[in-house]
Amino acid sequence: MSHKLDTFNNSFSFIFVVIFLLPILFIFINLLTPINDVWIHIRTYLLEEYVINSLIIVFFVAVFTILIGTSLAWIVSMYDFPAVNFFKWILILPMAIPTYINAFIYSGLNETSGIFFNFFEYYFGLGPFIYSLYNIQNIYGVIFIMSISLYPYVYLLCLPAFANHSYSVFEVGKSLGLNQFQRMIKIGVPIIRPAVIAGVSFVIMETLAEYATMEYFGVPTFATGIFRAWFVLGDDLSSLRLSSILLTIVFFLIYFEEISRGKKNFDNPSNKVYDRKKEVPKNKFSLFFICSLVIFFGFILPLMQIFYWISYSFDEIDIIFLFKLIASSAGIAFISATVIILFTLNISFISRVTKNLFTHISIKIFSLGYAIPGVVLAVGVIAPISYMEKSFSKLLNYPPESILTGTFVLLVIAYLVRFSTISIKTIDSGFNKISRNYDLVSASFGFSKIQTLIRVHMPILLPTIYSALILLFVDIVKELPMTLILRPFNFTTLPVYLYELAEAENLSAIGIPGLILIIICLIPVIILSKGIVKNVRH
Amino acid sequence: MIRQLIYILAVIPALIVTGCSSTPVDEEVNLYTARKEHLIRPLIDIFEKDTGIKVNIVSAKTKVLIKKIIDEGETSPADLLITVDAGNLHKAKLKDITQKIESEKLNALVPQHLRDKGGHWYALSIRSRVIMYNPETIDPEDIKNYESLMASSLKGRVCIRSSSNIYNQSLLASLIYHKGEKAALEWAKGVVNNFSRPPKGNDRGQMTAVVLGECDVTLANTYYLGKWISSKKDTEKMYAKKIKVLFPNQDNRGSHINISGGFITKNAKNKNNAIKLLEFLADDKAQEIYAKQNHEYPIRKNINISDIVRSWGYPFKMDMMNLTNLGVLNDDAGKIFDIATWK
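So the sequence lines, in the order shown, correspond to chains A and B. Residue numbering for the first sequence is 1 to 538, as defined by the numbering used here. Residue numbering for the second sequence is 539 to 881, as defined by the numbering used here.
This is how it looks when you write it as structure tokens:
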């Protein structure tokens, strides 16, 4: 009985793995097709722009997020100045504002419903001047928006890296006569290198995958090019060709991250963190000012604009419609997150108990999923599924019908491929912490493998599963391009609705739904950040 | 515990499957719409109530929806598509995703120049692309035609949105149709020469720029001003008073008009219901609501229009060219814009 269950379980995951690999294979297989006119057009006129824009954006966003993220982490870990503990926590919060919402907000600041415009109009009568003063919708704007929205990923990972090292390392440096700057370069940098690389590679992937901001600002990059080739030029092959170029770049990036992380381990060997006496800087207020500045542009200003918009459109609120939006957004996010958890739990478990090469390789491949931009995935899901539907109808001789096309299944598959990475990394590390002796003991009781999973591993893993679920939920709830393309009939989510409003340049209506989405994302960010900050304090 | 796991494994896919098929209804029709859902929702509600046919809606940009229908092919769930611009509708026909609609009623309801010659698509409302200007700086006598926008007296005073916008493409297509490619290119070059800033934002953005003095003249679709006048926001109401509408070419071919319209997909599974929906939208009851609510023009002159729209002057002389030509000449228009460096 239990063996049957194990076999069932194995084949179950096999099917999942195949579903997972399908879109990726589909994207690459098209490289083998001959070159056509549209591709020649793209290669001649557009490719250079996509490559150059993408590279410029990625380079500067990487530089800025590292600069902001590491220096903030350094400042709040090493110095004592007013409200430092408050800053330590609040500096994470910009994470909760999806990049595209920041893009809408910053575009709106000097529009007629913007706070800049109205402030200067009201007090100085300078509204029209502010209106034509600047335009953020260009490549510099993209770099600014991406940097201010994504720096917390670097900051968040650097924080424990700095804190988990006993202060003594730096004391030693001090006693050897290193000055403040030398200490940062010679001790600080090597210590946080793995964290910075992990954080920044995440930032780079997010930047390459970003569609809505680029599209809204009219900056052509790979992600918008893939969308344009597929939908506007109507050429699937060129679109897939662009996708495969982008994926290859991303895969190299991941490879680079893995080797550069290497086996280096800078962990505090005794695992003891001494009570640290923070340095009091010469100029307290400059540090206070730097932290305030970042949090102002990353969080406070966007929220001020959101609330200003709400005051504009307060009487237009349709409670029932909003409730439906929240329900459908949260519903699909929760169901998909649960499916992904079950799936990754299973894969992780099978790779633990079997020497099956197939599952080991597939785990490696799963960790690539997050690197595939949503636009690419949507494209990679539609085509093979409708091809399969047509083949089935021919094979079984019934009139062609949409079985999966236009249903939630397509959307869930797309989420599964993209977001499994998050869950598998978390759960795999959870499994690694469980001693193998448990498995042996469980086997000696005559438990089957799957019984071991349910009765032994699951209870231990629960906290890990819980945090994976939160991470997944947030990422899915704010997902835009895949939902936009793959959503079924009568189904709208908060991001899709916000995107449509922004597209119609009805920015002032963004207030309420925007705030709701930010709050939904904020809850888990607060839970997570409190946990991290608390650990760091010990 | 195992039972629980199996339960979870079984229940979740089941939830998803029931979620997508929802409750089975006898009569339904699947609508892909490029018009925002809130614009058509009130009409759909009436249709559902009158006929008992459930309308399932997915909204996105026209190009996305058309490509989806192509990709989904024979298995496409879409029965009909509603979008704006005759150019879009014609392109869909060329891509072979439409079918000929056999409906005496529709032929009677939709005037001939507002539907496809082959009966593949039908108009559901009319809008006009007109000149809007700042009455304090511009004398309306100087801008009586679209052609006036290239006059050297307007140098640095014109702002119009990007040429990637289909409304501009269709306007240029109508110029090609009436005056030929050479004259159309000259016009485009002349207008670009008069730009006060590179194209940015949508029609509403151009109107804002006129109000705030960044430019003096623009081209915009009529309903945008209707939305401002009827807005609950004080700023928009105030702005509406600072800008005026001018219907161009009243002494010659008439003002350029365009439509919103719909077609039935080639592989529609609920064809009859889709025809019923189109007939309903073209009929008097829906026409009145649709035109009034969106500040557009109905497809027949006997229908009431909103007071705001009437106040600009109605009826005005409309360009009566068959709108299929906007689609036919769309590619040429795109090329001319490129040559004229209209971004």
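We put the beta carbon where it would ideally sit given N, CA and C, even for glycine.
**Item:** Proximity test, Cβ basis, 9 Å: E674 (chain B) and chain A
**Value:** To locate residue 674 (chain B), count along the second sequence from 1; it is residue 136. So no, E674 (chain B) is outside the interface.
**Message:** When you compare the CB positions of L192 (chain A) and G173 (chain A), do they come within less than 9 Å of one another, or not?
**Reply:** Residue mapping note: residue 192 (chain A) aligns to position 192 of the first sequence, counting from 1. Residue mapping note: residue 173 (chain A) aligns to position 173 of the first sequence, counting from 1. Position check: residue 192 (chain A) holds Ile in this sequence, whereas Leu was assumed. At a Cβ-Cβ threshold of 9 Å, I192 (chain A) and G173 (chain A) do not count as neighbours.
**Request:** Report back the beta-carbon spacing between L861 (chain B) and A646 (chain B) to the nearest angstrom; my notes put them in contact at under 8 Å.
**Result:** Reading the second sequence from its first residue, position 323 is the one you call residue 861 (chain B). Reading the second sequence from its first residue, position 108 is the one you call residue 646 (chain B). Contact flag wrong, Cβ pair sits at about 18 Å.
**Prompt:** Quick one: what does DSSP say T492 (chain A) is sitting in, helix, strand or coil?
**Reply:** Within the first sequence, the letter at position 492 stands for residue 492 (chain A). DSSP places T492 (chain A) in coil when its eight states are reduced to three.
**Request:** Could you please give me the residues that DSSP links to N796 (chain B) through a beta bridge?
**Result:** To locate residue 796 (chain B), count along the second sequence from 1; it is residue 258. Note: N796 (chain B) sits in a beta bridge opposite B:R665.
**Asked** Nearest-angstrom Cα distance between I541 (chain A) and I460 (chain A)?
**Response** Nothing in the structure corresponds to residue 541 (chain A), since chain A is present only between 1 and 538.
**Asked** Looking at the C-beta of D315 (chain A), does it have a partner C-beta in chain B at a distance below 9 Å?
**Response** Within the first sequence, the letter at position 315 stands for residue 315 (chain A). Yes, D315 (chain A) lies at the interface with chain B (some Cβ there is under 9 Å from its Cβ).
**Prompt:** If we ignore side chains and look at the alpha-carbon of each, how far apart do I764 (chain B) and D772 (chain B) end up?
**Reply:** Here residue 764 (chain B) refers to the residue found at position 226 when the second sequence is read from its first residue. Here residue 772 (chain B) refers to the residue found at position 234 when the second sequence is read from its first residue. Checking the displayed sequence, the identity of residue 764 (chain B) turns out to be Gly instead of Ile. Cα to Cα, G764 (chain B) sits roughly 14 Å from D772 (chain B).
**Asked** For S71 (chain A), which of A:F162, A:L237, A:E48 and A:I226 has the nearest alpha-carbon?
**Response** Here residue 71 (chain A) refers to the residue found at position 71 of the first sequence. For S71 (chain A), the nearest C-alpha among the options comes from A:F162.
**Item:** Cβ-Cβ distance between A223 (chain A) and L237 (chain A) below 9 Å
**Value:** For the purposes of this step, residue 223 (chain A) is taken as the residue at position 223 of the first sequence. For the purposes of this step, residue 237 (chain A) is taken as the residue at position 237 of the first sequence. Not in contact: A223 (chain A) and L237 (chain A) (Cβ atoms no closer than 9 Å).
**For W850 (chain B), the residue or residues it bridges with in DSSP** = Counting from one through the second sequence, the residue named residue 850 (chain B) turns up at place 312. Bridge partners of W850 (chain B): none, in fact.
**Message:** Judging by CA-CA distance, which residue of A:T99, A:I249, A:R228 and A:I526 is the nearest neighbour of L368 (chain A)?
**Reply:** For the purposes of this step, residue 368 (chain A) is identified with residue 368 of the first sequence, where counting begins at 1. It is A:I249.
**Prompt:** Are I380 (chain A) and I27 (chain A) closer than 9 Å when you measure CB to CB?
**Reply:** Numbered from 1 along the first sequence, position 380 holds the residue referred to as residue 380 (chain A). Numbered from 1 along the first sequence, position 27 holds the residue referred to as residue 27 (chain A). With the sequence shown as reference, residue 380 (chain A) is identified as Gly, and Ile is not the correct amino acid for it. In this structure, I27 (chain A) lies closer than 9 Å to G380 (chain A) by Cβ.
**Prompt:** Is F299 (chain A) close to chain B, meaning its C-beta is less than 9 Å from at least one C-beta of that chain?
**Reply:** As a first step, residue 299 (chain A) must be located in the first sequence, where it is residue number 299. Between F299 (chain A) and chain B, the shortest Cβ-Cβ separation is not below 9 Å.
**Prompt:** What is the C-beta distance between W725 (chain B) and E685 (chain B), in whole angstroms, given that I count them as a contact (C-beta under 8 Å)?
**Reply:** Reading the second sequence from its first residue, position 187 is the one you call residue 725 (chain B). Reading the second sequence from its first residue, position 147 is the one you call residue 685 (chain B). Correct: roughly 6 Å between the Cβ atoms.
**Asked** Quick one: is L176 (chain A) buried, meaning 16 or more other Cβ sit within 10 Å of its Cβ, or exposed?
**Response** Here residue 176 (chain A) is taken as the residue at index 176 of the first sequence, counted from 1. Counting Cβ neighbours within 10 Å, L176 (chain A) comes out exposed, since fewer than 16 surround it.
**Prompt:** Would you report the Cα separation of N706 (chain B) and I300 (chain A), rounded to the nearest angstrom?
**Reply:** On the second sequence, residue 706 (chain B) is found 168 positions in, with the first residue counted as 1. On the first sequence, residue 300 (chain A) is found 300 positions in, with the first residue counted as 1. So the alpha carbons of these two residues sit roughly 39 Å apart.
**Request:** Rounded to whole angstroms, what's the CA-CA distance from S147 (chain A) to E121 (chain A)? Just pull it up for me.
**Result:** Walking along the first sequence from the start, residue 147 (chain A) turns up at place 147. Walking along the first sequence from the start, residue 121 (chain A) turns up at place 121. If I take the Cα positions, the gap works out to 30 Å.
**Asked** Does DSSP put V571 (chain B) in a helix, a strand or coil?
**Response** Within the second sequence, numbered from 1, the residue matching residue 571 (chain B) stands at position 33. Here residue 571 (chain B) is Thr; the residue named in the question, Val, does not match the sequence. If DSSP states are grouped into helix, strand and coil, T571 (chain B) belongs with the strands.
**Asked** Hey, would you say Y499 (chain A) sits closer than 9 Å to Y106 (chain A), going by beta carbons?
**Response** Position 499 of the first sequence holds residue 499 (chain A). Position 106 of the first sequence holds residue 106 (chain A). Not closer than 9 Å, so no.
**Request:** Using a threshold of 9 Å, state whether the C-beta atoms of I620 (chain B) and L662 (chain B) are closer than that.
**Result:** In the second sequence, residue 620 (chain B) corresponds to position 82, counting from 1. In the second sequence, residue 662 (chain B) corresponds to position 124, counting from 1. Their beta carbons are under 9 Å apart, which means I620 (chain B) touches L662 (chain B) by this criterion.
**Asked** Exposed or buried, what is N626 (chain B) when buried is set at 16 or more other beta-carbons lying within 10 Å of its beta-carbon?
**Response** As a first step, residue 626 (chain B) is located in the second sequence; it is residue number 88 there, counting from the start. So N626 (chain B) counts as buried.
**Asked** Does N30 (chain A) come within less than 9 Å of chain B when only Cβ atoms are used?
**Response** Position 30 of the first sequence, counted from the first residue, corresponds to residue 30 (chain A). So, not an interface residue.
**Item:** 7 Å Cβ shell around S700 (chain B) - same chain, five flanking residues per side excluded
**Value:** The count along the second sequence starts at 1 and reaches residue 700 (chain B) at position 162. Closer than 7 Å at Cβ, skipping near neighbours: P737 and K881.
**Asked** Which of helix, strand or coil does DSSP assign to Y134 (chain A)?
**Response** Counted from its first residue, the first sequence places residue 134 (chain A) at position 134. For Y134 (chain A), the three-state secondary structure derived from DSSP is coil.
**Prompt:** Looking at the structure shown, is R579 (chain B) part of a helix, part of a strand, or coil, going by DSSP?
**Reply:** By one-based count along the second sequence, residue 579 (chain B) stands at place 41. Looking at R579 (chain B) - three-state DSSP - the assignment turns out to be helix.
**Item:** Any C-beta of chain B under 9 Å from that of Q305 (chain A)
**Value:** Counting from 1 along the first sequence, the entry for residue 305 (chain A) is found at position 305. The beta-carbon of Q305 (chain A) is placed no less than 9 Å from the nearest beta-carbon of chain B.
**Contact with chain A by G656 (chain B), beta-carbon distance below 9 Å** = Along the second sequence, one-based indexing puts residue 656 (chain B) at 118. Chain A, which has no Cβ nearer than 9 Å to the Cβ of G656 (chain B), makes this no.
**Request:** Return the CA-CA distance between E111 (chain A) and F144 (chain A), expressed in angstroms with no decimal places.
**Result:** Within the first sequence, numbered from 1, the residue matching residue 111 (chain A) stands at position 111. Within the first sequence, numbered from 1, the residue matching residue 144 (chain A) stands at position 144. Computed Cα separation, rounded: 18 Å.
**Prompt:** In chain A, which residues lie with their C-beta within 8 Å of the C-beta of I882 (chain B)?
**Reply:** No answer is possible for residue 882 (chain B): the residues shown for chain B start at 539 and end at 881.
**Request:** Consider the C-beta atom of P736 (chain B) and the heavy atoms of the ligand GTP; say whether any pair is separated by less than 8 Å.
**Result:** The ligand GTP is absent from the structure shown, which contains no ligand whatsoever.
**Prompt:** Is it right to say G127 (chain A) is buried, meaning 16 or more other beta carbons lie within 10 angstroms of its own, or is it exposed?
**Reply:** Here residue 127 (chain A) refers to the residue found at position 127 when the first sequence is read from its first residue. Answer is buried; the Cβ neighbour count reaches 16.
**Message:** Residues of chain B with CB closer than 7 Å to the CB of A209 (chain A), please, in chain order.
**Reply:** Numbered from 1 along the first sequence, position 209 holds the residue referred to as residue 209 (chain A). The premise fails here: A209 (chain A) is roughly 18 Å from chain B at the closest Cβ pair, so nothing lies under 7 Å.
**Request:** Output the distance between the C-alpha atoms of N506 (chain A) and K449 (chain A), rounded to the nearest integer angstrom.
**Result:** As a working note, residue 506 (chain A) is residue 506 in the first sequence. As a working note, residue 449 (chain A) is residue 449 in the first sequence. The straight-line gap from Cα to Cα measures roughly 56 Å.
**Asked** If the cut is a Cβ gap below 7 Å, which residues of chain A does D609 (chain B) touch?
**Response** Mapped onto the second sequence, residue 609 (chain B) falls at position 71. Residues of chain A passing the Cβ test: I382, A383 and S386.
**Asked** I874 (chain B) CB to nearest chain A CB: under 9 Å?
**Response** The residue you call residue 874 (chain B) lines up with position 336 of the second sequence. False, the Cβ-Cβ gap to chain A never drops below 9 Å.
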